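Numbering (mature numbering (1 follows the signal peptide of the UniProt record, and there is no 0)), first residue to last: -23 to -1, 1 to 230. A short write-up of the structure that comes next.
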């Protein structure tokens, strides 16, 4: 049986815009990453398509972990980054793969180095300057807190805390560009007797103090659901990337 925390957000789809919206006619390639049970445990899979035909799923993990909560970004130089939670009996860690063109991956999954007793639910952003931003819920020995790191000059920076110190877990972070084009993290935090959505924005002075997210006014928006491959299991956790003719990529839910 999976740890209760391990399945938090398991059916939550990632949603992150990393480039201006492109029309469907400009999409020349699609790539998808998802978590799926192989009968023994959950593994991470990848497939891509040019046109309507999807390639056979490629299994990227084969270990003794349940590999959950995948996230997938494509940097401006075309480098692919896949992150996930690797849940093992002795703990939970974030692992990742780096590759090109969806086929040439680093030989083995790489474990993100942290001092946390557990690290879970990664969320990534490939910034326009090529920097990879990563946020996750990391346990500092007492409860989960929201941490971030950046991959700069071929190395991960030291993980740093985002949320304000408190006595309850902060969970389920998501990093994205906001409407003003600034990097922003949203997560669930227990404040005033209930869990609520909190947000912090990255500025020239670092992360802004956390604040409660404003309730968005309901708008009627006609969204076109993406066409998914037939082999994708129902209710699976997936991330779909659409790549336009100019090489820009965006996540689609």
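No residue lacks a Cβ here, since even glycine has one placed at the ideal position from N, Cα and C. Quick caveat: nothing in here was measured; it's all calculated off a predicted structure.
Checklist entry - residue 175: which of 150, 134, 158 and 90 sits nearest, CA to CA? => result Sequence index remark: in the chain shown, residue 175 carries index 198 (1-based). Considering only alpha carbons, the answer is 150.
Checklist entry - To the nearest whole angstrom, what separates the beta carbons of residue 101 and residue 71, a pair I think is in contact under 8 Å? => result Position 124 of the chain shown, counting from 1, holds the residue named residue 101. Position 94 of the chain shown, counting from 1, holds the residue named residue 71. Incorrect: roughly 10 Å between the Cβ atoms, too far for contact.
Checklist entry - What does residue 211 pair with, by DSSP beta-bridge criteria? => result Locating residue 211 in the chain shown gives position 234, counting from the first residue. Beta-bridge pairing links residue 211 to no other residue.
Checklist entry - Where do the ends of the beta strand (DSSP E) carrying residue 159 lie? => result For the purposes of this step, residue 159 is identified with residue 182 of the chain shown, where counting begins at 1. It is not in any beta strand (DSSP E) - residue 159 carries neither H nor E in the DSSP assignment.
Item to check | Three-state secondary structure (DSSP) of residue 43 | outcome: On the chain shown, position 66 is the one that residue 43 refers to. The DSSP-derived three-state label of residue 43 is strand.
Item to check | C-alpha distance - residue 141 paired with residue 5, whole-angstrom precision | outcome: Mapped onto the chain shown, residue 141 falls at position 164. Mapped onto the chain shown, residue 5 falls at position 28. Roughly 43 Å between the two C-alpha positions.
Checklist entry - So who's on the other strand from residue 20, going by DSSP bridges? => result In the chain shown, residue 20 corresponds to position 43, counting from 1. DSSP, once it has assigned bridges, lists 13 as partnering residue 20.
Item to check | Whole runs of the beta strand (DSSP E) within the region 114 to 187, excluding any shorter than 3 residues | outcome: Those beta strand (DSSP E) runs which fall completely within the region 114 to 187 and span 3+ residues are 121 to 129, 147 to 154, 160 to 168 and 171 to 180.
Next on the checklist: At the level of alpha carbons, what is the spacing between residue 37 and residue 169?
Outcome noted: Position 60 of the chain shown, counted from the start, is the residue given in the question as residue 37. Position 192 of the chain shown, counted from the start, is the residue given in the question as residue 169. Approximately 42 Å between the Cα atoms of the pair.
Checklist entry - By how many angstroms is the C-alpha of residue 213 removed from the C-alpha of residue 129? => result Your numbering for residue 129 matches position 152 in the chain shown. Your numbering for residue 213 matches position 236 in the chain shown. So the alpha carbons of these two residues sit roughly 32 Å apart.
Item to check | Alpha-carbon to alpha-carbon, residue 9 and residue 215 | outcome: The residue given as residue 215 occupies position 238 in the chain shown. The residue given as residue 9 occupies position 32 in the chain shown. Their backbone Cα atoms lie some 7 Å apart in a straight line.
Item to check | Element boundaries [beta strand (DSSP E), containing residue 103] | outcome: In the chain shown, the residue the question calls residue 103 occupies position 126. Going by DSSP, residue 103 is part of the beta strand (DSSP E) stretching over 95 to 103.
Item to check | At least three beta-carbon pairs within less than 8 Å, the region 179 to 187 to the region 203 to 210 | outcome: Counting Cβ pairs under 8 Å, fewer than three are found: no touch.
Checklist entry - Going by the beta-carbon positions, is the gap between residue 208 and residue 34 smaller than 8 Å? => result Counted from its first residue, the chain shown places residue 208 at position 231. Counted from its first residue, the chain shown places residue 34 at position 57. Yes, Cβ-Cβ distance for residue 208 and residue 34 is below 8 Å.
Next on the checklist: Contact defined as beta carbons within less than 8 Å: I believe residue 154 pairs with residue 160. What is the distance between those atoms, to the nearest angstrom?
Outcome noted: By 1-based counting over the chain shown, the position of residue 154 is 177. By 1-based counting over the chain shown, the position of residue 160 is 183. Correct: roughly 6 Å between the Cβ atoms.
Checklist entry - Per DSSP, residue 63 is paired with what? => result Translated into positions along the chain shown, residue 63 becomes position 86. Per DSSP, 44 and 70.
Checklist entry - What distance in whole Å lies between the Cβ atoms of residue 226 and residue 109, which are believed to be in contact at a cut-off of 8 Å? => result Translated into the one-based positions of the chain shown, residue 109 becomes position 132. Translated into the one-based positions of the chain shown, residue 226 becomes position 249. Cβ-Cβ separation between residue 109 and residue 226: approximately 13 Å, too far for a contact (criterion under 8 Å).
Next on the checklist: Suppose the cutoff is 8 Å on Cβ atoms and the five residues either side in sequence are ignored; what does the same chain contact list for residue -7 look like?
Outcome noted: Counting from one through the chain shown, the residue named residue -7 turns up at place 17. Residue placement at residue -7 is flagged as unreliable, the pLDDT there being 34, under the threshold of 50; a coordinate-derived value is accordingly withheld.
Checklist entry - When the Cα of residue 106 is compared with those of 145, 119 and 54, which residue comes out closest? => result Here residue 106 corresponds to residue number 129 of the chain shown, with the count starting at 1. A check of alpha carbon separations from residue 106 across 145, 119 and 54 identifies 54 as the nearest.
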